[in-house]
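Read left to right, the sequence shown gives residues 1 to 271 (full-length UniProt numbering). Using N, Cα and C, we set each Cβ at its ideal position, and we do this for glycine too. Presented below is the structure to which this report refers.
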Amino acid sequence: MGQGMILPGTSVYKVSAERSGREYVINVFVPDIAPPPSGYPVIYLLDANAVLGTMVEAMRVQSVRSDKTGVVPAVIVGIGYEAKQPFPPERYYDFMMQVPEADLPRRPDGASWPAYGGAEAFMHFIEDQLKPEVEEKYSIDRSRQSIVGHSLGGLFVLQMLLGNPGTFRHYIAGSPSIHWNSTWIEQQRASWVSRAENCGTEMQVLIAAGEQEGSHPSGVVGRSRELAHWLGQTGLEGFSAEFTCFEDEGHISVLPILMSRAIRFASRGYG
1 MGQGMILPGT
11 SVYKVSAERS
21 GREYVINVFV
31 PDIAPPPSGY
41 PVIYLLDANA
51 VLGTMVEAMR
61 VQSVRSDKTG
71 VVPAVIVGIG
81 YEAKQPFPPE
91 RYYDFMMQVP
101 EADLPRRPDG
111 ASWPAYGGAE
121 AFMHFIEDQL
131 KPEVEEKYSI
141 DRSRQSIVGH
151 SLGGLFVLQM
161 LLGNPGTFRH
171 YIAGSPSIHW
181 NSTWIEQQRA
191 SWVSRAENCG
201 TEMQVLIAAG
211 EQEGSHPSGV
221 VGRSRELAHW
231 LGQTGLEGFS
241 AEFTCFEDEG
251 HISVLPILMS
261 RAIRFASRGY
271 G
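See below:
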């Protein structure tokens with residue numbers, strides 16, 4: 001990710017997580033305009049190996065005419081890995097909580113999944129280390145922070161929302177792998193409303209999937225729609241949740257349109 005890839009307005013550096021020692025490649029895009037008095041909005045993007053370029057180009061093109069597109073210029077912080085493949089195995093460890101192996105879906109070839117279970121440490125890395133570093137280097141509006149993830153990254157976004165409400169203002173979860181951690185998600189519902197009320201932060205949630213995913217045995221479309229509906233019915237002040245199904249898109253083809261929708265969703269209430 002950090003080798004040989006140059007995008008306009010971006011800088012790249014490597015960072016080692018203080019708690020876990022895991023290495024990440026961080027790409028930061030900064031708009032080509034001065035920050036507003038409150039600082040730039042910021043979007044934390046998971047799976048930067050796969051979608052950083054897509055989101056950066058969407059931001060560069062659409063934020064030129066915010067009045068027409070609804071997209072305001074924002075800093076993008078892409079969290080990726082040294083590996084060259086778009087979806088390296090390290091993501092399983094960072095995005096997944098520790099769950100019984102028997103609860104995981106079976107791989108088509110019957111092999112074991114890569115190491116997983118480091119989601120809590122990854123949450124601490126983002127909150128306690130990465131955010132402060134970004135806020136020290138750039139002018140950031142801490143009240144306008146968003147996180148975007150797809151598939152297992154979408155699951156991680158939901159885990160952040162349900163486990164640590166208020167850490168972001170906008171949560172965008174595309175094709176979230178809810179079936180990987182459905183028991184924990186159900187458990188969180190019982191106490192989530194009271195915990196979300198106490199965080200005192202406005203939150204907006206977008207859960208999305210591709211229409212072609214409707215036939216997948218994971219039930220991603222149905223699970224995503226149901227969770228978004230439940231969240232939307234909680235009645236919390238300053239909170240909203242919605243579900244979008246992108247017509248004629250599959251699990252991977254949905255990525256470009258998801259990134260485009262994400263930057264517009266992250267601009268809500270700003271500008």
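The beta carbon of R19 lies closer than 6 Å to those of A121, H124 in the same chain, with the five residues before and after it left out. The Cβ atoms of Y24 and Y81 sit closer than 8 Å to each other. Nearest neighbour of S215 by Cα position, chosen from D32, S16, P256, H251, turns out to be H251.
Judged by DSSP in its simplified three-state form, I126 adopts helix.
In this structure, L255 sits near V51, with a CB-CB distance shorter than 8 Å.
For C199, DSSP records no beta bridge to any residue. F246 places its beta carbon less than 8 Å from that of E211. Spatial neighbours of L231 in its own chain (CB-CB distance under 7 Å, excluding positions within 5 residues in sequence) are listed in chain order as V205, A241.
G222 is not bridged by DSSP to any residue. Using a Cβ distance threshold of 8 Å, S182 and G154 do not count as a contacting pair.
DSSP places F246 within a strand segment (E or B) once states are collapsed to three.
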